[in-house]
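Asks: In our numbering, the protein residues as written are 9 to 329. Beta carbons: idealized from backbone N, C-alpha and C, even for Gly. Following this message is one structure expressed as C-alpha cells.
What follows is the structure, given as C-alpha cells:
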C-alpha cells in the first residue's frame, strides 16, 4: 500500500511539500511540472521547482521527491530528462494530466491523451536515456472528453517504459469537478502489468477506503485532501480510519500551528513580501474545511494586505515561525 503526495500547480510546491511531509505517511511526492518546450532547461530551473534536489531529492521531513516533466516533443523531453537525471531526482514523472487551457493549447498535459502513439514515443525516448535504477512514472487522466481510450493510453505509456501509472479519475473536460470516476481506474489497472495509483476526490479516510474498493488498486495519491488535512496520510498509514472528533481536530490544530509558522517563513524566502499573504490565505482557506482554528484565523487575516499585519495575527494565534 503506497500513499503519494500529488503535485498541484500554484499550490502544492516545494514550500508546501516541506510542511505537509513533516507529519510523515507518504512513500514519495511529485514536484510541479517543468515545462519542456524546445529548449534544454538549465539546472537552476529544475532546482527552482524541486529545491529538494539540493537535499538528495528528499524533503526536510525525509520524503523522496520525483520531478515531473511536461511536453510533447520526444527528443526534447529526452534531452531534458537526461540533464535532470544528473541532478539525482528520486524518479522522473511525465505529466499527461494537466487540464489547464494554456498548457493544452501548447500541446502539453492531458490534451495529448488523444494521441496514444505520441505517448509511447515520449515515454520510450525518456526511458532510453535514464540510468539504471531511476524509475520512470507517468500521470494521466482518463482522456480528453471521454474515457474510451484510457486503457489504450495506459498501455502506450507502459509500452514506452513507464513502470508506474497514476490515474486521475477524471477527463480533461471534467477538470476538477466531482465525482472522480474510480471505476475507470480499475479498467486501466486490468489493461497494464505495472502498478496503478488512483487519484481524485480523496478528502477523508472514508474516501480512501471507497476509492480502493471501487478502483481495485491498493495505492492512492492525495492532492487537495492532503492540503486540507495534513495528518490524513499519517492516520491512514496508522489504520485510524474513523473521522477525527472535535478533540482530535483541536489537538491536530495545535500541532499544525508551528507548521504554519514554518510555512510562512519558507514562503517569505521564496516570494516577495507582498505576495506572501496570498499564499498563507490560500492554505488556510483549505485547512478551514477541517479545523475551526483555521476558520477563525482565516477570517482575521482575510482582509489584510501586508505581511506585517498578517504576522501580528499569526503570532497572536501561536503560529510564529
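Which ranges does the beta strand (DSSP E) cover as unbroken runs of at least 3 residues, wholly within the stretch 12-53, from first to last along the chain?
Replies: Complete beta strand (DSSP E) runs here, min 3: 36-43.
Asks: Can you grab the Cα-Cα spacing for the pair residue 113 / residue 103, in whole Å?
Replies: Roughly 15 Å between the two C-alpha positions.
Asks: What does the Cβ neighbour count give for residue 9, buried or exposed, with the cut at 16 atoms within 10 Å?
Replies: Residue 9 should be labelled exposed.
Asks: Beta carbon of residue 223, beta carbon of residue 194: below 8 Å?
Replies: The answer is yes: Cβ separation under 8 Å.
Asks: Whether or not the stretch 126-141 and the stretch 45-65 are in contact is what I'm after, with contact meaning three or more pairs of Cβ atoms, one per stretch, closer than 8 Å; do they touch?
Replies: Touching, no, given that fewer than three Cβ pairs across the two stretches are closer than 8 Å.
Asks: With DSSP as the reference, label residue 147 as helix, strand or coil.
Replies: Here residue 147 sits in strand by DSSP.
Asks: Compare the C-alpha of residue 110 against each of 97, 124, 79, 318 and name the closest.
Replies: Here the closest residue by C-alpha is 79.
Asks: Would residue 36 be called buried (16 or more neighbouring beta carbons within 10 Å of its own) or exposed?
Replies: Classification of residue 36: buried, given that the 10 Å Cβ count is 16 or more.
Asks: Using the three-state DSSP reduction, which class does residue 74 fall into: helix, strand or coil?
Replies: Three-state result, residue 74: strand.
Asks: Please classify residue 282 as buried or exposed, where buried requires at least 16 other C-beta atoms within 10 Å of its C-beta.
Replies: Exposed, by the Cβ-count rule.
Asks: Given a cut-off of 8 Å on the beta-carbon distance, is the pair residue 48 and residue 115 in contact?
Replies: Result no, Cβ atoms of residue 48 and residue 115 do not sit closer than 8 Å.
Asks: Fully enclosed by the stretch 161-220, which alpha helix (DSSP H) runs are 4 residues long or longer?
Replies: Listed in chain order, the complete alpha helix (DSSP H) runs (minimum 4 residues) inside the stretch 161-220 are 190-199.
Asks: Beta-carbon within less than 7 Å of residue 89's beta-carbon, same chain only, minus the 5 sequence neighbours each way: which residues are those?
Replies: Closer than 7 Å at the Cβ level, and outside the excluded window around residue 89, lie 77, 100, 134, 137, 138.
Asks: Please give me, in chain order, every unbroken run of the alpha helix (DSSP H) with length at least 4 that falls completely inside the stretch 248-278.
Replies: Counting only runs of 4 or more, we get 254-278.
Asks: In whole angstroms, what is the alpha-carbon distance linking residue 273 and residue 30?
Replies: The alpha-carbon atoms of residue 273 and residue 30 are separated by roughly 15 Å.
Asks: Keeping to the same chain, check which residues put their C-beta closer than 6 Å to that of residue 242; ignore five residues upstream and five downstream.
Replies: If we look at residue 242 and ignore the five residues flanking it on each side, its Cβ neighbours are 31, 32, 33.
Asks: Would you tell me roughly how many angstroms separate the C-alpha atoms of residue 246 and residue 81, rounded to the nearest one?
Replies: Spanning the two alpha carbons is a distance of roughly 43 Å.
Asks: Out of 61, 38, 162, 258, which has the shortest C-alpha to C-alpha gap to residue 203?
Replies: It is 162 whose Cα lies nearest to the Cα of residue 203.
Asks: Where does residue 263 land, buried or exposed, given buried means 16+ other C-beta within 10 angstroms?
Replies: Classification of residue 263: exposed, given that the 10 Å Cβ count is below 16.
Asks: Measuring straight from C-alpha to C-alpha, what distance separates residue 149 and residue 287?
Replies: Rounded to the nearest angstrom, the two C-alpha atoms are 27 Å apart.
Asks: Under a Cβ-count criterion, where at least 16 other Cβ atoms within 10 Å of its own Cβ denotes burial, should residue 254 be classed as buried or exposed?
Replies: Label assigned to residue 254: exposed.
Asks: From residue 158 to residue 106, what distance separates their C-alpha atoms?
Replies: Approximately 15 Å, taken between the alpha carbons.
Asks: Contact check, residue 14 vs residue 230 under 8 Å by CB: the rounded distance?
Replies: About 6 Å separates the two Cβ atoms, so the contact holds.
Asks: So, using beta-carbon positions, are residue 122 and residue 152 closer together than 8 Å?
Replies: It is a contact, given that the beta carbons lie within the stated cut-off.
Asks: Determine the DSSP secondary structure at residue 8, reduced to helix, strand or coil.
Replies: This structure leaves residue 8 out entirely; the chain is present only between 9 and 329.
Asks: Is residue 321 helix, strand or coil when you go by DSSP?
Replies: Helix, per DSSP.
Asks: Go ahead and label residue 260 buried or exposed: buried means 16 or more other beta carbons lie within 10 angstroms of its beta carbon, across all protein chains shown.
Replies: Buried, by the Cβ-count rule.
Asks: If residue 216 sits next to residue 210, beta carbons under 8 Å apart, how far is it from one beta carbon to the other, in whole angstroms?
Replies: Indeed they touch by this definition, with Cβ atoms about 5 Å apart.
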